[in-house]
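**Q** Those protein sequence lines, which keep their order, are chains F and Y. Quick note: the first sequence uses the working numbering, first residue 1, plus one each step. Quick note: the second sequence uses the working numbering, first residue 1, plus one each step.
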Amino acid sequence: MQELTFVYDADDILDRPIHVGVVASGDLEIVMLPDPGRPTATIALRTSVDGHGARWQRVLDRFFEHGAFRARYEINDSGATPGMVSLRLGQARELAATNPPPAVAP
Amino acid sequence: MSARIRPAFSQLRPRQRVQALLDPGTFREILGPFDLLESPHLPRQGIVPQSDDGAVIGRGTIDGVSAAVLALDGAFQGGGVGEVSGAKLAAALERALDDRRSGTPTRVVLVLDSGGIRLQEANLGLLAVAEIHAALVELTRHGPVVGVIPGPVGCFGGMGIVAGLTSHLIMTRYGRLGLNGPEVIETEAGIDELDASDRATVWATIGGAQRVTTGQAEVLVDDAIESVVAAAHQIWRTVPDAHPPRAERIDQAQRMLAAFDHRWRPTPAEFTAIVTREVP
Numbered sequence: 001m002q003e004l005t006f007v008y009d010a011d012d013i014l015d016r017p018i019h020v021g022v023v024a025s026g027d028l029e030i031v032m033l034p035d036p037g038r039p040t041a042t043i044a045l046r047t048s049v050d051g052h053g054a055r056w057q058r059v060l061d062r063f064f065e066h067g068a069f070r071a072r073y074e075i076n077d078s079g080a081t082p083g084m085v086s087l088r089l090g091q092a093r094e095l096a097a098t099n100p101p102p103a104v105a106p
Numbered sequence: 001m002s003a004r005i006r007p008a009f010s011q012l013r014p015r016q017r018v019q020a021l022l023d024p025g026t027f028r029e030i031l032g033p034f035d036l037l038e039s040p041h042l043p044r045q046g047i048v049p050q051s052d053d054g055a056v057i058g059r060g061t062i063d064g065v066s067a068a069v070l071a072l073d074g075a076f077q078g079g080g081v082g083e084v085s086g087a088k089l090a091a092a093l094e095r096a097l098d099d100r101r102s103g104t105p106t107r108v109v110l111v112l113d114s115g116g117i118r119l120q121e122a123n124l125g126l127l128a129v130a131e132i133h134a135a136l137v138e139l140t141r142h143g144p145v146v147g148v149i150p151g152p153v154g155c156f157g158g159m160g161i162v163a164g165l166t167s168h169l170i171m172t173r174y175g176r177l178g179l180n181g182p183e184v185i186e187t188e189a190g191i192d193e194l195d196a197s198d199r200a201t202v203w204a205t206i207g208g209a210q211r212v213t214t215g216q217a218e219v220l221v222d223d224a225i226e227s228v229v230a231a232a233h234q235i236w237r238t239v240p241d242a243h244p245p246r247a248e249r250i251d252q253a254q255r256m257l258a259a260f261d262h263r264w265r266p267t268p269a270e271f272t273a274i275v276t277r278e279v280p
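Set out below in structure tokens:
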């Protein structure tokens with residue numbers, strides 16, 4: 001297991017916590033907690049696959065290129081591919097932007 | 001005419017399973033993913049933890065009556081119960097027990113999808129499961145507790161005992177119930193005893209249909225959300241509060257044991273024939 005941290009500039013206000021995914025083989029879990037007081041998205045990542053820091057950096061750089069929520073991200077990864085990671089990040093962002101929040105858990 | 005594909009209960013995530021079993025809009029989660037109450041033991045062993053430690057504790061109502069619906073996440077660590085997830089389950093059951101003792105009718109449903117105790121947490125998992133067992137024994141003295149085994153993991157080990165301590169078990173054909181899982185039996189007793197890769201034999205021995213036919217579980221349902229939810233609600237509508245828990249129905253087990261010579265290894269079909277004769 002490897003722990004990595006990333007910080008991005010963020011402007012958008014997150015009005016509720018978000019949870020998607022599962023720590024199952026080839027998948028990952030993302031928890032977003034609102035952090036309106038700080039102009040950043042802070043990502044605390046734990047991954048089961050060591051040595052892919054540069055790959056994570058590229059996937060996250062591309063994802064946060066066009067804006068980010070002011071939030072604390074907890075990402076628990078169980079060997080998801082970069083494509084899977086992008087899908088889960090997109091799912092979390094879509095949920096965060098859905099108003100009113102959906103009635104059924106993701 | 002076009003066939004409509006009905007969404008499967010076994011394909012739902014545990015949080016969605018809990019929501020489906022509770023009245024719409026009443027789900028309230030206790031110690032959910034945003035509380036980040038994860039296992040302190042897994043990261044120290046190099047294993048990535050999960051924010052809810054694989055247990056969902058829901059309160060809400062079923063048919064307007066106060067309810068506790070608890071679900072294990074079979075996708076995380078095989079649904080294995082650790083110190084934290086076990087404590088969440090035990091505390092939720094103890095709270096339901098307090099409610100029942102103080103005269104508040106409380107419906108309790110467990111969605112079991114678990115290989116048993118999480119081996120990485122060893123004795124701490126065992127202790128938590130012992131607390132769950134004790135709470136269930138007491139809880140079933142005050143009314144029914146419904147277990148649901150939807151699959152795909154099934155229900156084994158200490159959680160297999162939990163299934164045995166409920167008053168009603170609902171299973172799909174996809175679900176399996178046992179003490180030792182097939183892989184464990186093959187590893188410990190040899191491939192002559194059981195070939196765990198032989199799915200037909202495994203399901204004929206411990207699958208939902210066989211468990212219901214032989215009286216080890218009460219209700220066999222289609223793996224459709226509406227069927228599982230309807231079966232659970234039906235139990236609460238029709239069963240008197242005094243229904244005995246499964247663990248107290250020992251004459252049935254004694255008749256079954258008496259009918260067997262331990263040197264004989266019956267096929268699943270022979271086993272069914274004997275059990276349905278001895279335990280009508």
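Even glycine gets a Cβ: it sits at the ideal position worked out from N, Cα and C.
Using Cβ-Cβ distances below 8 Å, what residues of the segment 79-105 of chain F are close to chain Y?
**A** Cβ contacts with chain Y come from A103, V104 and A105.
**Q** When we look at the beta-carbon of A92(Y) and count the other beta-carbons within 10 Å, is it buried (16 or more) or exposed?
**A** Locating residue 92(Y) in the second sequence gives position 92, counting from the first residue. Buried, since its Cβ has 16 or more Cβ neighbours within 10 Å.
**Q** Return the CA-CA distance between P144(Y) and T238(Y), expressed in angstroms with no decimal places.
**A** Taking the first residue of the second sequence as 1, we reach residue 144(Y) at position 144. Taking the first residue of the second sequence as 1, we reach residue 238(Y) at position 238. If I take the Cα positions, the gap works out to 11 Å.
**Q** Tell me the DSSP secondary structure of S197(Y) in three-state form.
**A** Translated into positions along the second sequence, residue 197(Y) becomes position 197. Reduced to three states, the DSSP call for S197(Y) is coil.
**Q** In or out: T267(Y) buried (at least 16 other Cβ within 10 Å) or exposed?
**A** Here residue 267(Y) is taken as the residue at index 267 of the second sequence, counted from 1. Flag for T267(Y) reads exposed.
**Q** Who are the neighbours of R13(Y) on chain F, taking C-beta pairs under 9 Å?
**A** Taking the first residue of the second sequence as position 1, residue 13(Y) is located at position 13. Those are V22, A105 and P106, listed as they occur along chain F.
**Q** Relative to the alpha-carbon of F27(Y), which residue among E188(Y), A231(Y), V275(Y) and I62(Y) has its alpha-carbon at the smallest distance?
**A** Working through the second sequence from its first residue, we reach residue 27(Y) at position 27. F27(Y) has its Cα closest to that of I62(Y), out of E188(Y), A231(Y), V275(Y) and I62(Y).
**Q** Pairing CB atoms from the segment 78-93 of chain Y with CB atoms from the segment 108-122 of chain Y, are three or more of them under 8 Å?
**A** Touching, per the Cβ criterion.
**Q** Our contact map puts L110(Y) next to V162(Y) with C-beta atoms below 8 Å; I'd like the distance itself, whole angstroms only.
**A** Here residue 110(Y) refers to the residue found at position 110 when the second sequence is read from its first residue. Here residue 162(Y) refers to the residue found at position 162 when the second sequence is read from its first residue. L110(Y) to V162(Y), Cβ: 7 Å. Contact.
**Q** At which residues does the alpha helix (DSSP H) containing A250(Y) begin and terminate?
**A** For this step, residue 250(Y) is matched to residue 250 along the second sequence. Strictly speaking, residue 250(Y) in this sequence is Ile, with Ala absent from that position. Residues I250 to A258.
**Q** For H153(F), write down the residues that DSSP places opposite it in a beta bridge.
**A** Absent from the model: residue 153(F). The displayed extent of chain F is 1 to 106, so no value can be given.
**Q** If you follow the beta strand (DSSP E) that T238(Y) is in, where does it begin and where does it stop?
**A** As a first step, residue 238(Y) must be located in the second sequence, where it is residue number 238. From DSSP, T238(Y) is part of no beta strand (DSSP E) but of the alpha helix (DSSP H) over I225 to T238.
**Q** Does the Cβ of N99(F) have 16 or more other Cβ atoms within 10 Å, making it buried, or fewer, making it exposed?
**A** Within the first sequence, numbered from 1, the residue matching residue 99(F) stands at position 99. So N99(F) counts as exposed.
**Q** With DSSP as the reference, label R118(Y) as helix, strand or coil.
**A** Indexing the second sequence from 1 puts residue 118(Y) at position 118. Correct three-state label for R118(Y): coil.
**Q** Under 8 Å between beta-carbons, which chain Y residues line up against V59(F)? List them in chain order, please.
**A** Looking up residue 59(F) in the first sequence gives position 59. None at all; the shortest Cβ gap to chain Y is about 17 Å.
**Q** The segment 30-52 of chain F: which residues have C-beta closer than 8 Å to a C-beta of chain Y, in chain order?
**A** Cβ contacts with chain Y come from V31, L33, R46, T47 and S48.
**Q** Looking at the secondary structure, which residues open and close the alpha helix (DSSP H) in which D98(Y) lies?
**A** On the second sequence, residue 98(Y) is found 98 positions in, with the first residue counted as 1. Segment E83 to R101, the alpha helix (DSSP H) holding D98(Y).
**Q** 7 Å is my cut-off, CB to CB: does P286(Y) come that close to chain F?
**A** A query on residue 286(Y) cannot be resolved here, the shown segment of chain Y reaching from 1 to 280 and no further.
**Q** Can you give me the Cβ contacts of A96(Y) inside the same chain, cut-off strictly under 7 Å, excluding the 5 residues immediately before and after it?
**A** The sequence position of residue 96(Y) within the second sequence is 96, counting from 1. Result list for A96(Y): A68, T106, V108 and L139, in chain order.
**Q** So is V48(Y) in contact with chain F if we call contact Cβ pairs under 7 Å?
**A** Numbered from 1 along the second sequence, position 48 holds the residue referred to as residue 48(Y). So yes, V48(Y) belongs to the interface.
**Q** Hey, is E66(F)'s beta-carbon within less than 7 Å of any beta-carbon in chain Y?
**A** Position 66 of the first sequence, counted from the start, is the residue given in the question as residue 66(F). Sequence inspection shows His at residue 66(F); the Glu mentioned does not correspond to that position. No, its Cβ sits nowhere closer than 7 Å to a Cβ of chain Y.
**Q** Taking Cβ positions, are G147(Y) and L112(Y) nearer each other than 7 Å?
**A** Sequence index remark: in the second sequence, residue 147(Y) carries index 147 (1-based). Sequence index remark: in the second sequence, residue 112(Y) carries index 112 (1-based). It is a contact, given that the beta carbons lie within the stated cut-off.
**Q** Whose C-alpha, out of I149(Y), V129(Y), Q19(Y) and V56(Y), is nearest the C-alpha of G207(Y)?
**A** Mapped onto the second sequence, residue 207(Y) falls at position 207. Ranking I149(Y), V129(Y), Q19(Y) and V56(Y) by Cα distance to G207(Y) puts I149(Y) first.
**Q** For a quick check, are the C-beta atoms of G116(Y) and G158(Y) less than 7 Å apart?
**A** Within the second sequence, numbered from 1, the residue matching residue 116(Y) stands at position 116. Within the second sequence, numbered from 1, the residue matching residue 158(Y) stands at position 158. Yes, these two residues count as a Cβ contact at 7 Å.
**Q** Inspect the beta-carbon positions of A162(F) and P101(F) and report whether they are closer than 7 Å.
**A** Outside the modelled stretch of chain F, which goes from 1 to 106, sits residue 162(F), for which no answer is possible.
**Q** In terms of alpha-carbon separation, which member of R93(F), A97(F) and Q2(F) lies closest to P49(Y)?
**A** Position 49 of the second sequence, counted from the start, is the residue given in the question as residue 49(Y). Closest by alpha carbon: Q2(F).
**Q** Give the range of the beta strand (DSSP E) segment to which T213(Y) is assigned.
**A** Along the second sequence, read from residue 1 onward, the residue named residue 213(Y) stands at position 213. First-last for T213(Y): G208 to T213, but that is the alpha helix (DSSP H), not the beta strand (DSSP E).
**Q** Taking the beta strand (DSSP E) that F69(F) belongs to, which residues open and close that run?
**A** Within the first sequence, numbered from 1, the residue matching residue 69(F) stands at position 69. Note, F69(F): beta strand (DSSP E), F69 to S78.
**Q** Roughly how many angstroms separate the alpha carbons of V221(Y) and V22(F), rounded to a whole number?
**A** As a first step, residue 221(Y) is located in the second sequence; it is residue number 221 there, counting from the start. As a first step, residue 22(F) is located in the first sequence; it is residue number 22 there, counting from the start. Whole-angstrom Cα-Cα distance: 27 Å.
**Q** On the DSSP bridge list, what partners appear for G147(Y)?
**A** Here residue 147(Y) refers to the residue found at position 147 when the second sequence is read from its first residue. Looking at the DSSP assignment, G147(Y) forms a beta bridge with L110(Y) and L169(Y).
**Q** For a cutoff of 7 Å on Cβ pairs, would you count Q210(Y) as touching chain F?
**A** To locate residue 210(Y), count along the second sequence from 1; it is residue 210. So, not an interface residue.
**Q** How many angstroms separate the CA atom of A200(Y) from the CA atom of R265(Y)?
**A** In the second sequence, residue 200(Y) corresponds to position 200, counting from 1. In the second sequence, residue 265(Y) corresponds to position 265, counting from 1. If I take the Cα positions, the gap works out to 17 Å.
**Q** If we count Cβ pairs, one from each stretch, closer than 8 Å, do we get three or more for the segment 43-63 of chain F versus the segment 74-85 of chain F?
**A** Yes, they touch.
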